[in-house]
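As structure tokens, the structure follows; a few thoughts come after it.
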Amino acid sequence: MKHLYVRVDLKIPGITLSHIAELAELNTQACRPLRMIQIGQEDAISGLVDCQQGSRQGIIDVPKDTVPHPNAYAEFEDVLATDLSAEEFEALWQEARVLFPEHKDQAL
Numbered sequence: 001m002k003h004l005y006v007r008v009d010l011k012i013p014g015i016t017l018s019h020i021a022e023l024a025e026l027n028t029q030a031c032r033p034l035r036m037i038q039i040g041q042e043d044a045i046s047g048l049v050d051c052q053q054g055s056r057q058g059i060i061d062v063p064k065d066t067v068p069h070p071n072a073y074a075e076f077e078d079v080l081a082t083d084l085s086a087e088e089f090e091a092l093w094q095e096a097r098v099l100f101p102e103h104k105d106q107a108l
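Oh and the sequence shown: position 22 is 22 in our numbering, straight run, nothing missing.
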């Protein structure tokens with residue numbers, strides 16, 4: 001199963017909500033979230049979720065079991081998807097783990 005790494009920025013008047021995600025590509029239309037980092041004000045990490053381990057920490061919504069494929073985000077006017085490398089994602093994941101070291105303790 002192919003893994004995708006993406007930053008998704010949702011622009012709502014007055015705020016921008018951002019997630020950085022590792023996704024498992026199910027098909028050309030859908031993916032399964034594996035790990036996700038939420039970015040809050042001033043690009044600060046505000047939470048993380050590991051869907052495989054069933055844990056989350058900080059301020060982050062639990063994602064659905066399947067989400068649209070990043071290629072589908074072009075259809076949405078207020079959503080910008082930016083591809084990341086696995087290395088870029090892992091660096092951000094490690095930064096989030098430092099900020100939230102007990103993330104395994106908070107079940108989904």
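All C-beta atoms in this analysis are idealised placements derived from N, C-alpha and C, irrespective of residue type, glycine included. A quick note: this is a predicted structure, and the numbers were derived from the prediction, not measured.
Pairing VAL6 with VAL79 gives a Cβ-Cβ distance that is not under 8 Å.
Taking all protein chains in view, the Cβ of VAL67 is crowded by 16 or more other Cβ atoms within 10 Å, so the residue is classified as buried. With a cut-off of 8 Å on Cβ pairs, the stretch 23-31 is not in contact with the stretch 51-63, counting fewer than three such pairs. In the DSSP assignment, the residues bridged to ALA24 are HIS3, ARG32. Of LEU26, ALA81, GLU25, ILE20, the smallest CA-CA separation from ASP61 is found for ILE20. In this structure, DSSP gives VAL8 an extended state, which the three-state scheme calls strand. Distance check between GLU102 and each of TYR73, ALA91, ALA72, VAL49 places VAL49 closest, using alpha-carbon atoms only. With 16 or more other Cβ atoms inside 10 Å of its own Cβ, PRO70 counts as buried.
Apart from sequence neighbours up to five positions away, the residues of its chain that approach PHE89 with a beta-carbon distance below 7 Å are TYR5, ILE20, GLU22, ordered along the chain.
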